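Contents: one structure, followed by commentary.
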Amino acid sequence: MPIYSGRFFEVLIGARPESLWRLLSKIGVLYALEPLLTVIFVINMNTVWEKVMSTLRAQVFGRVLIQKVEFFDRYKVGELTGLLTSDLGSLKNVVSENISRDRGFRALSEVVGTICILFVLSPQLAPILGLLVLTVSVLVALYKRSTVPVFKSHGLAQASISDCVTETFSAIRTVRSFGGEKRQMLMFGNQVLSYQSSGIKLGIFKSVNESLTRVAVYISLLALYWLGGSKVKAGELSVGTVASFIGYTFTLTFAVQGLVNTFGDLRGTFAAIERINCVFSGVEIDEALAYGLERELKQKEVIDENYRLLFNGSIEKNQNLNLRYMSALKSSSNLFSLAWSGDLCLEDVHFSYPLRSDVEILSGLHLTLKCGTITALVGSSGAGKSTIVQLLARFYEPTRGRITVAGEDVRTFDKSEWARIVSIVNQEPVLFSVSVGENIAYGLPDDNVSKDDVIKAAKAANAHDFIISLPQGYDTLVGERGGLLSGGQRQRIAIARSLLKNAPILILDER
1 MPIYSGRFFE VLIGARPESL WRLLSKIGVL YALEPLLTVI FVINMNTVWE
51 KVMSTLRAQV FGRVLIQKVE FFDRYKVGEL TGLLTSDLGS LKNVVSENIS
101 RDRGFRALSE VVGTICILFV LSPQLAPILG LLVLTVSVLV ALYKRSTVPV
151 FKSHGLAQAS ISDCVTETFS AIRTVRSFGG EKRQMLMFGN QVLSYQSSGI
201 KLGIFKSVNE SLTRVAVYIS LLALYWLGGS KVKAGELSVG TVASFIGYTF
251 TLTFAVQGLV NTFGDLRGTF AAIERINCVF SGVEIDEALA YGLERELKQK
301 EVIDENYRLL FNGSIEKNQN LNLRYMSALK SSSNLFSLAW SGDLCLEDVH
351 FSYPLRSDVE ILSGLHLTLK CGTITALVGS SGAGKSTIVQ LLARFYEPTR
401 GRITVAGEDV RTFDKSEWAR IVSIVNQEPV LFSVSVGENI AYGLPDDNVS
451 KDDVIKAAKA ANAHDFIISL PQGYDTLVGE RGGLLSGGQR QRIAIARSLL
501 KNAPILILDE R
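With the first letter of the sequence shown counted as 1, position 390 gets the number 390 in the UniProt record's numbering; the numbers rise by one all the way through.
Written out as structure tokens, the structure reads:
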């Protein structure tokens with residue numbers, strides 16, 4: 001386009017024998033094509049990247065889901081949530097922002113193309129102008145690099161506000177019971193002031209950066225006016241060529257600035273990738289769970305296309321793992337019959353929590369839970385009752401010793417199958433933010449749970465009467481973590497969920 005702008009000025013001053021309307025028609029075609037091609041480019045790039053991000057999010061979520069329980073002991077929920085939202089979101093934002101004309105690949109192509117055109121127009125003027133633009137742009141880039149700590153502190157201040165809000169609202173009953181509103185307001189006020197201070201400082205740096213960008217353009221233009229004007233006076237260049245150079249100066253300057261911005265974005269992207277790698281490096285997935293889950297996903301893939309995002313990316317990674325477990329694990333068809341007919345035994349079990357490996361919770365425990373009977377574990381707080389529950393659920397594995405069912409080591413069965421034969425009602429039952437009926441139906445792994453089965457389980461748990469008294473009955477939403485229900489109601493719904501599962505082993509973890 002700058003070339004045609006130069007020709008336009010030559011036509012105006014009579015230095016070019018071409019019809020003005022013919023030249024304007026050519027310029028009009030270019031003006032029409034540029035936005036059309038931009039739309040096609042942006043739509044295609046955005047579509048491809050959205051598909052990539054969907055797959056990446058599903059893979060990260062699936063990877064987190066099959067970690068061992070100690071992984072969740074080590075990292076806060078907020079940190080893991082940040083992987084799927086903030087960190088992966090930053091990757092998406094980088095690409096979205098760099099699809100525009102003056103960023104990313106398009107900026108790179110404009111830099112290369114513009115420099116080539118400048119050399120064609122004037123081999124003498126192009127090297128000087130190109131070197132000047134690059135030098136000034138690099139100086140601006142160095143200044144931007146010095147602002148990284150300011151951006152970082154602003155991001156940390158924003159994260160602190162988010163943490164304060166999440167912690168306050170999730171513990172609102174505790175705040176209310178201790179009259180902690182004033183304390184939380186003061187804490188939040190300090191976080192907001194910190195965010196405000198860093199935001200003002202960031203605004204100052206951004207304004208200086210904008211000014212430096214304009215300085216880069218003006219210096220380049222002054223150099224072009226001086227050099228180009230001298231050559232026009234000497235008859236070495238035409239007015240149209242100089243006008244084209246002016247247009248390409250703007251193009252080159254903003255394209256180089258766009259590349260600089262892209263490199264800055266990439267630093268943030270690499271930081272996000274580093275955080276993701278830091279979380280997953282040095283940790284081992286729960287292989288017994290991964291094998292069973294992948295096998296189920298392979299079956300579900302035929303039924304539901306939504307599982308492909310999780311399944312397709314993991315098949316090659318877990319191929320060797322699957323071959324090993326397929327040869328090591330026993331047939332799952334025998335597990336139910338063993339659990340219904342055999343005793344559950346803890347044989348010389350030693351256990352320490354992975355994050356407190358120096359503290360042994362269980363030491364040489366021998367315990368037999370007879371099939372068909374009810375066994376109660378009674379002891380003081382901290383005696384290890386809940387630890388035994390977590391071992392029976394296979395949230396953790398014994399440090400030494402083994403747990404058997406009908407004489408078979410439970411580790412010879414994958415965890416997906418084991419989860420089908422063990423049902424637990426925890427001390428603090430957790431409900432999902434869906435309806436009462438959906439919470440009870442969660443007890444079965446498949447989606448084909450009839451309402452009659454749900455009602456039957458609720459009646460067995462003595463929950464049916466209070467459920468039908470709710471505004472929408474079984475369709476009543478329970479709120480976040482069941483907050484709209486009383487503690488006793490949540491407990492009975494959790495019991496109904498466990499009874500619906502009809503597992504041979506039922507564990508009630510009471511205080």
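Note that beta-carbon positions come from the ideal geometry of N, C-alpha and C, so glycine has one too. All of these numbers come straight from a predicted model, not from anything done at the bench.
Cutoff 8 Å: residue i Cβ touching any chain D Cβ
{"i": "D453", "result": "This model lacks chain D altogether; it includes just one protein chain."}
Integer-rounded CB distance, given that residue j should sit under 8 Å from residue i
{"i": "T249", "j": "L224", "result": "6 Å"}
{"i": "K415", "j": "D286", "result": "7 Å"}
{"i": "V215", "j": "T253", "result": "Going by Cβ atoms, the distance from V215 to T253 rounds to 11 Å, so no, they are not a contact pair."}
{"i": "I467", "j": "V436", "result": "6 Å"}
{"i": "R103", "j": "G258", "result": "4 Å"}
{"i": "I389", "j": "I507", "result": "The amino acid at residue 389 is misidentified as Ile; the sequence shows Val. Right, their Cβ atoms sit about 6 Å apart."}
{"i": "V150", "j": "L202", "result": "5 Å"}
Contact set for residue i: own chain, Cβ-Cβ below 7 Å, skip 5 residues either direction
{"i": "H350", "result": "E360, L362, S363, G364, P398, T399, R400, G401"}
{"i": "I161", "result": "Q191, V192, Y195"}
{"i": "V410", "result": "R394, I403, T404, W418"}
{"i": "L121", "result": "T241, S244, F245"}
{"i": "A461", "result": "R492, I495, A496, L499"}
{"i": "R490", "result": "P429, L431, G482"}
{"i": "G199", "result": "H154"}
{"i": "T269", "result": "S90, L91, V94"}
{"i": "residue 512", "result": "With the chain running from 1 to 511 in the structure shown, residue 512 is simply not present."}
{"i": "N439", "result": "L431, F432, V478, I493, R497"}
{"i": "S341", "result": "C371, A406"}
{"i": "L84", "result": "R57, V60, F61"}
Straight-line gap, residue i to residue j (C-alpha atoms, nearest Å)
{"i": "L91", "j": "L108", "result": "19 Å"}
{"i": "F336", "j": "S153", "result": "55 Å"}
{"i": "D343", "j": "T368", "result": "7 Å"}
{"i": "L186", "j": "Y75", "result": "27 Å"}
{"i": "T110", "j": "S244", "result": "Note that residue 110 corresponds to Glu in the displayed sequence, not to Thr. Cα-Cα distance, rounded: 15 Å."}
{"i": "S314", "j": "N448", "result": "Bear in mind that the predicted position of S314 carries a pLDDT of just 48, short of 50, making it unreliable; the figure below should be weighed with that in mind. Looking at the two C-alpha atoms, the distance is approximately 26 Å."}
{"i": "Y474", "j": "G488", "result": "17 Å"}
{"i": "R106", "j": "L392", "result": "58 Å"}
{"i": "T404", "j": "A496", "result": "27 Å"}
{"i": "A126", "j": "L80", "result": "51 Å"}
{"i": "G189", "j": "I505", "result": "51 Å"}
{"i": "V279", "j": "L221", "result": "49 Å"}
{"i": "H464", "j": "K385", "result": "30 Å"}
{"i": "L321", "j": "K182", "result": "With a pLDDT of 49 at L321, under the threshold of 50, the modelled position of that residue is not reliable, and the figure given next carries that caveat. Each residue's Cα considered, the two are about 54 Å apart."}
{"i": "F413", "j": "R420", "result": "11 Å"}
{"i": "E167", "j": "G180", "result": "12 Å"}
{"i": "V60", "j": "I276", "result": "9 Å"}
{"i": "Q319", "j": "L56", "result": "Here the model assigns Q319 a pLDDT of 46, short of 50, so the residue's position is not dependable, and the following value carries that caveat. Roughly 19 Å separates the two Cα atoms."}
{"i": "L37", "j": "V52", "result": "23 Å"}
{"i": "A58", "j": "T47", "result": "17 Å"}
{"i": "E316", "j": "R63", "result": "Because the pLDDT at E316 is just 45, under 50, the model does not fix this residue reliably, and the value given afterwards should be weighed accordingly. If I take the Cα positions, the gap works out to 14 Å."}
{"i": "A159", "j": "A457", "result": "43 Å"}
{"i": "I204", "j": "P354", "result": "48 Å"}
{"i": "C345", "j": "S469", "result": "43 Å"}
{"i": "K459", "j": "A503", "result": "17 Å"}
{"i": "L266", "j": "L88", "result": "13 Å"}
Boundaries (first-last residue) of the alpha helix (DSSP H) holding residue i
{"i": "I495", "result": "487-501"}
{"i": "I455", "result": "451-460"}
{"i": "V405", "result": "Looking at the DSSP string, V405 is not in any alpha helix (DSSP H); the run it does join, the beta strand (DSSP E), is 400-405."}
{"i": "S465", "result": "Strictly speaking, residue 465 in this sequence is Asp, with Ser absent from that position. Note, D465: alpha helix (DSSP H), 464-468."}
{"i": "L430", "result": "The sequence given here places Val at residue 430; Leu does not occur at that position. Element bounds for V430: n/a, residue is neither H nor E."}
{"i": "I66", "result": "Where I66 is concerned, there is no enclosing alpha helix (DSSP H), given that its DSSP letter is neither H nor E."}
{"i": "L506", "result": "Premise fails: L506 lies in the beta strand (DSSP E), 505-508, not in any alpha helix (DSSP H)."}
{"i": "residue 521", "result": "Because residue 521 is not part of the residues shown, which for the chain are 1 to 511, the question remains open."}
{"i": "G113", "result": "104-121"}
Segment limits, beta strand (DSSP E) that includes residue i
{"i": "I424", "result": "422-425"}
{"i": "G364", "result": "362-369"}
{"i": "D348", "result": "344-351"}
Proximal residues to residue i (C-beta, below 6 Å), its chain only, five neighbours per side dropped
{"i": "L323", "result": "Caution applies to L323, whose pLDDT of 47 falls short of 50 and renders its modelled position unreliable; the model cannot decide the point."}
{"i": "residue 524", "result": "Here the chain has residues from 1 to 511 only, and residue 524 is not among them."}
{"i": "W49", "result": "V95"}
{"i": "V302", "result": "A caution first: V302 carries a pLDDT of 46, below 50, which makes its placement in the model unreliable, though a value can still be read off. Result list for V302: empty, nothing under 6 Å."}
Neighbourhood of residue i by C-beta distance below 8 Å, restricted to the same chain and skipping five residues each side
{"i": "G229", "result": "V242"}
{"i": "L338", "result": "V405, A406, E408"}
{"i": "K501", "result": "R420, S423, G443, L444"}
{"i": "L118", "result": "L125, A126, L129, G130, F245, Y248, L252"}
{"i": "T174", "result": "G180"}
{"i": "Q184", "result": "C164, T168, V175"}
{"i": "K451", "result": "G437, Y474"}
Legend entry - Given 8 Å, three or more beta-carbon pairs between the region 68-75 and the region 229-241: No: the two stretches stay apart, fewer than three of their Cβ pairs being nearer than 8 Å.
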